[in-house]
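Going by this note's numbering, the sequence shown opens with residue 2, and the numbers climb by one from there. Positions of the beta carbon are idealized from the N, C-alpha and C atoms, including for glycine. Taking it in order: structure first as C-alpha cells, then the write-up.
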Amino acid sequence: MASQVFFMNDRANSLAESIKFKAVKVFRDAGLGELFSPGDWVGIKMHFGEHGNSLSLRPQYVRSIVEEIQRLGAHPVVVDCTTICFNEYSSRATRTDMLRTAARHGLTEETLGCPIWICDGEFGEEEVRVEVPHGVYLTHSYMGRGLKYLDAMIVLTHFKGHPMGVFGGALKNVGIGCGSKRGKLCTHLLNHPLYGIRNWGINQQAAQAAAQGPHPNGVDRLMKNCPFDAFRWENNTLHFDREKCQMCGACFGPGLFAGILQPPPEIMLLWAATIPDAFSAYVHAIGKDKIGYVTYAVDLTPWCDCVNWSDKPLVHNLGVFASKDPVAIDMACLEMSEARAVVPGSKAEELGFAEPGTERFTNCAGFAGVSQWAQINSAIYNGLGTSEYELIISSPVADDTEFWMKPYTPENPWGWVHRKEHHKIDWKVEPFTHRDLQFSMVDMSVKPKGKVAEREL
Ligand code: SF4
C-alpha cells in the first residue's frame, strides 16, 4: 500500500504561508501529533551543521516544530549525537564542541525554545548496542544512550546530497545521526575487520607530493591528527604502524581527500546500504511507530551539512514534506528534485545534468558512482517503509492567529498593546522643510553605471 506524503512548496505571501508554518501544517496533516501524548518527551532529531557550513537548518525552521509539540502538551528536546573526528578541524566530535558549533549557527536553548541533548556523552562513550533485525549488511550498531529516554521522535531533516549516502534525507538523519561515535564507525565501515582504516593502503606518491608543502604540510597534519601515533615519516616514505591503529577515524579526512589513504572499493559501495541498516536498529530501539518525519527540501546542496562549506544548491527549493514513512518521504524528495530545474552555475549544470529527469544526486553528489536509489532499496529491504507514495498537496492554515508572536493576537494587536506608550511619545513633527524634487521619476528609473572591470585576485 502506498504511503501518504504531505507537501507544500516554498512560495509565501502571508504569515500562514511562511515555510516554518507550512512545516507545522504538514506536520498536522500527516498526523504526527498522534505519535505522542501530553507529558511525553519528544526528541527533534536535527543536524546542527559542521563549522563553515552555511546552509544547515536555520533555528526558526526548528522553533515552529518545538512550539507545535509544546502546544500539544509534550516536552520537546532537540537531540543529536557526536560525530567521528573525521578531520583536523572537526567541530562536532565532542559534546562541548557540538554545542559550541550549534550556538555559532544560532541554535541554543534560548533560540530553539527547548533543551538540547547530545545523547552519546562528551566523547561518544554513552551508547547502547542495538541489533539490526533484517539488514542488508550490518547486524548491529551503537546508538546514543540518551535517545532511549525519548517517548517519541520527530526527525527534522534538511534534504541535500551526501558524498557517501549519495543523498542525505530522513534515512540518513537517523541512520548516521543517531549513532554514537562507535555507531558512526560501523555505518562508515571504518572499524570493519577487512575494510576498516587499519587495512587501507597508502599512496606513497601522494604522500611524497603532500610532504613537499611547507610545514605543517599534509603529511604533518595526517601524522599529528592521529591520537595513537600510527604514522611515521622516514626516508621519504609514510609508514603506517597498523598495530597501533585503533580505527578511530581521525585520519579519514586528511588521508582520504589528499589521496594518501586508499580505502578498498567495497567500502564505498556499501555505505549507502549501511545507513538504512543502522536506521532500522535505532528506530526499533526508540519505537518504530513513535517516529514522524518533517523534511525541509530547501538549499539542496551537492554535499551534506557535515562538510565545512555549502556549495551552490543543485536544484531550486522544493518546499516542506511530512510523513510517517521515512522511505516514502525521501523518495518524494528525490523524485521532485529530478523533475526540478537546476540552479544556473551549480555543479549539476557544470557536470551536464541540467535536464529534468536526470538523477542529480547519483551524478553530482556521491563520490563512488553509487546510485541514489541504493539507500532507498536498502531501506525497503530493511522493512522501513515503501517507495510508493501518494503526494498530497496541503494548504496553509486558514486562521494564522496561533502563529502570531505573543502577546499579539487579533483581539490585542500591536497598536492596542502599546497604546499607552504611544501616548507618552512626543509625536510633534518639526517644521518639514524640503527641496524641489531634483530628479524626475523617469530619471530615477534609469540604471546607473555599474561594473567597470573584473579580475581575479
Ligand atoms: S591511523 Fe588509526 S588510530 Fe590513527 S587516526 Fe587513523 S584510524 Fe585513528
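*To the nearest angstrom, report how far apart Asp-98 and Leu-190 are at their CA atoms.*
Position 97 of the sequence shown, counting from 1, holds the residue named residue 98. Position 189 of the sequence shown, counting from 1, holds the residue named residue 190. Using only the alpha carbons, I get a separation of about 24 Å.
_Following a CB-centred definition, is Met-224 positioned closer than 7 Å to any heavy atom of the ligand SF4?_
Position 223 of the sequence shown, counted from the first residue, corresponds to residue 224. Answer for Met-224: no, Cβ out of range of the ligand SF4.
_What would DSSP say about His-435, mapped onto helix, strand or coil?_
Here residue 435 is taken as the residue at index 434 of the sequence shown, counted from 1. In the structure shown, His-435 sits in coil (DSSP, three-state: anything other than H, G, I, E or B).
*asked:* Out of Glu-389, Ser-395, Cys-252, Pro-314, which one is the CA nearest neighbour of Ser-91?
replied: For the purposes of this step, residue 91 is taken as residue 90 along the sequence shown, with counting starting at 1. It is Cys-252.
*Thr-102 (DSSP reduced to helix, strand or coil)*: As a first step, residue 102 is located in the sequence shown; it is residue number 101 there, counting from the start. In the three-state reduction of the DSSP assignment, Thr-102 falls in the helix class.
*Opposing strand residues paired with Phe-232 [DSSP bridges]*: Walking along the sequence shown from the start, residue 232 turns up at place 231. DSSP lists Phe-241 as partners of Phe-232.
*Quickly, what does DSSP pair Ile-292 with across the bridge? List them, please.*
Within the sequence shown, the letter at position 291 stands for residue 292. For Ile-292, the beta-bridge partners assigned by DSSP are Met-154.
*Closer than 8 Å by C-beta to Ala-369: which residues in its own chain qualify, once you throw out the five before and the five after it? Chain order, please.*
Here residue 369 refers to the residue found at position 368 of the sequence shown. Within the same chain, Ala-369 has close Cβ partners Met-165, Pro-266, Met-269, Leu-270, Trp-272.
_Lys-185 classed as buried or exposed, judged by whether at least 16 other C-beta atoms fall within 10 angstroms_ = Residue 185 sits at position 184 when you count from the first residue of the sequence shown. Its Cβ being crowded by 16 or more others within 10 Å, Lys-185 is buried.
*Element boundaries [beta strand (DSSP E), containing Ser-142]*: To locate residue 142, count along the sequence shown from 1; it is residue 141. Segment 141 to 145, the beta strand (DSSP E) holding Ser-142.
*Can the beta-carbon of Thr-387 be found closer than 8 Å to that of Ala-3?*
Indexing the sequence shown from 1 puts residue 387 at position 386. Indexing the sequence shown from 1 puts residue 3 at position 2. For the 8 Å CB-CB criterion, Thr-387 and Ala-3 form a contact.
*Spatial distance of Ala-333 from Val-295 (CA atoms)*: Here residue 333 corresponds to residue number 332 of the sequence shown, with the count starting at 1. Here residue 295 corresponds to residue number 294 of the sequence shown, with the count starting at 1. Taking the Cα positions, Ala-333 is about 12 Å away from Val-295.
*Just curious, the alpha helix (DSSP H) that Tyr-382 is in, first and last residue?*
Taking the sequence shown and counting its residues from 1, the one referred to as residue 382 is at position 381. First-last of the alpha helix (DSSP H) with Tyr-382: 374 to 382.
*asked:* For the segment 103 to 113 against the segment 60 to 68, do three or more pairs of beta-carbon atoms, one drawn from each stretch, fall closer than 8 Å, so that the two count as touching?
replied: Using a C-beta cut-off of 8 Å, the segment 103 to 113 makes contact with the segment 60 to 68, since at least three inter-stretch Cβ pairs fall below that distance.
*Chain-ordered residues, beta carbon under 6 Å from a heavy atom of the ligand SF4*: In chain order, the residues that have a beta carbon nearer than 6 Å to some heavy atom of the ligand SF4 are Ile-198, Cys-227, Phe-229, Ala-231, Cys-246, Gln-247, Met-248, Cys-249, Gly-250, Ala-251, Cys-252.
*Output the residue ranges of the beta strand (DSSP E) runs that lie fully inside the segment 331 to 413 and measure 3 residues or longer, sorted by chain position.*
Fully enclosed beta strand (DSSP E) runs of 3 or longer: 390 to 394.
_CA-to-CA distance, Cys-307 to Pro-194, given in whole angstroms_ = Taking the first residue of the sequence shown as position 1, residue 194 is located at position 193. Taking the first residue of the sequence shown as position 1, residue 307 is located at position 306. Across the structure, Pro-194 and Cys-307 are spaced so that their CA atoms are roughly 26 Å apart.
_Whole-angstrom distance between Asn-378 and Ser-338, CA atom to CA atom_ = Counting from 1 along the sequence shown, the entry for residue 338 is found at position 337. Counting from 1 along the sequence shown, the entry for residue 378 is found at position 377. Cα to Cα, the separation comes out at about 18 Å.
*Report back the beta-carbon spacing between Cys-82 and Ser-181 to the nearest angstrom; my notes put them in contact at under 8 Å.*
For the purposes of this step, residue 82 is identified with residue 81 of the sequence shown, where counting begins at 1. For the purposes of this step, residue 181 is identified with residue 180 of the sequence shown, where counting begins at 1. About 6 Å separates the two Cβ atoms, so the contact holds.
*CB contact flag (Pro-255, Glu-123, <8 Å)*: Against the sequence shown, residue 255 aligns to sequence position 254. Against the sequence shown, residue 123 aligns to sequence position 122. In terms of Cβ geometry, Pro-255 and Glu-123 do not form a close pair [threshold 8 Å].
*Is Pro-411 near Lys-26, with beta carbons less than 8 Å apart?*
For the purposes of this step, residue 411 is taken as the residue at position 410 of the sequence shown. For the purposes of this step, residue 26 is taken as the residue at position 25 of the sequence shown. Cβ distance not < 8 Å, so Pro-411 and Lys-26 don't count as in contact.
*Would you call the segment 403 to 423 and the segment 343 to 354 in contact, with 3 or more CB pairs under 8 Å?*
Counting Cβ pairs under 8 Å, fewer than three are found: no touch.
*Sort Leu-438, Asn-309, Leu-352 by Cα distance to Leu-315 and report the nearest one.*
Taking the sequence shown and counting its residues from 1, one reaches residue 315 at position 314. Looking only at Leu-438, Asn-309, Leu-352, the smallest Cα-Cα distance to Leu-315 is reached by Leu-352.
*Roughly how many angstroms lie between the CA atoms of Val-453 and Leu-172, to the nearest whole one?*
Within the sequence shown, numbered from 1, the residue matching residue 453 stands at position 452. Within the sequence shown, numbered from 1, the residue matching residue 172 stands at position 171. Roughly 49 Å between the two C-alpha positions.
*Residue environment, Lys-450, which counts as buried when at least 16 other CB atoms sit within 10 Å*: Position 449 of the sequence shown holds residue 450. Flag for Lys-450 reads exposed.
*asked:* Pop quiz: Ser-65 and Phe-37 are said to be a contact at Cβ under 8 Å. What is the actual Cβ separation, rounded to whole angstroms?
replied: Counting from one through the sequence shown, the residue named residue 65 turns up at place 64. Counting from one through the sequence shown, the residue named residue 37 turns up at place 36. No, Ser-65 and Phe-37 are not in contact; Cβ-Cβ is about 17 Å, not under 8 Å.
*Close-in-space but distant-in-sequence residues of the same chain around Val-80 (CB under 6 Å, 5 per side omitted)*: For the purposes of this step, residue 80 is taken as residue 79 along the sequence shown, with counting starting at 1. Excluding residues within five positions, the ones whose Cβ falls inside 6 Å are Gly-44, Lys-46, Trp-118, Cys-120.
*Where does the unbroken alpha helix (DSSP H) through Gly-74 begin, and where does it stop?*
Within the sequence shown, residue 74 is the residue found at index 73, counting from 1. Taken as a continuous stretch (DSSP letters only), Gly-74 belongs to no alpha helix (DSSP H), as it is neither H nor E.
*Determine, using beta-carbon pairs with one atom in the segment 194 to 206 and one in the segment 232 to 248, whether at least three such pairs fall under 8 Å.*
Yes, since at least three Cβ pairs between the segment 194 to 206 and the segment 232 to 248 fall closer than 8 Å, the two stretches touch.
*State yes or no: is the C-beta of Cys-305 within less than 8 Å of the C-beta of His-163?*
Taking the first residue of the sequence shown as position 1, residue 305 is located at position 304. Taking the first residue of the sequence shown as position 1, residue 163 is located at position 162. Closer than 8 Å, so yes.
*State buried or exposed for Asp-444, treating a residue as buried only when at least 16 other CB atoms are found within 10 Å of its CB.*
Position 443 of the sequence shown, counting from 1, holds the residue named residue 444. A residue is called buried when at least 16 other Cβ atoms come within 10 angstroms of its Cβ; Asp-444 does not meet this threshold and is exposed.
_Under 7 Å: does the beta carbon of Asn-200 sit that close to some heavy atom of the ligand GTP?_
This structure lacks the ligand GTP; its bound ligands are the ligand SF4.
_Proximity winner among Val-137, Gly-147, Val-6, Thr-102, relative to Glu-127 (alpha-carbon distances)_ = As a first step, residue 127 must be located in the sequence shown, where it is residue number 126. When only C-alpha atoms are compared, the closest one is Gly-147.
_Quick check on Lys-325: buried or exposed, where buried means 16 or more other Cβ atoms within 10 Å of its Cβ?_
What you label residue 325 is simply residue 324 of the sequence shown in a count that begins at 1. Taking a 10 Å sphere around the C-beta of Lys-325, we find 16 or more other C-beta atoms and assign the residue as buried.
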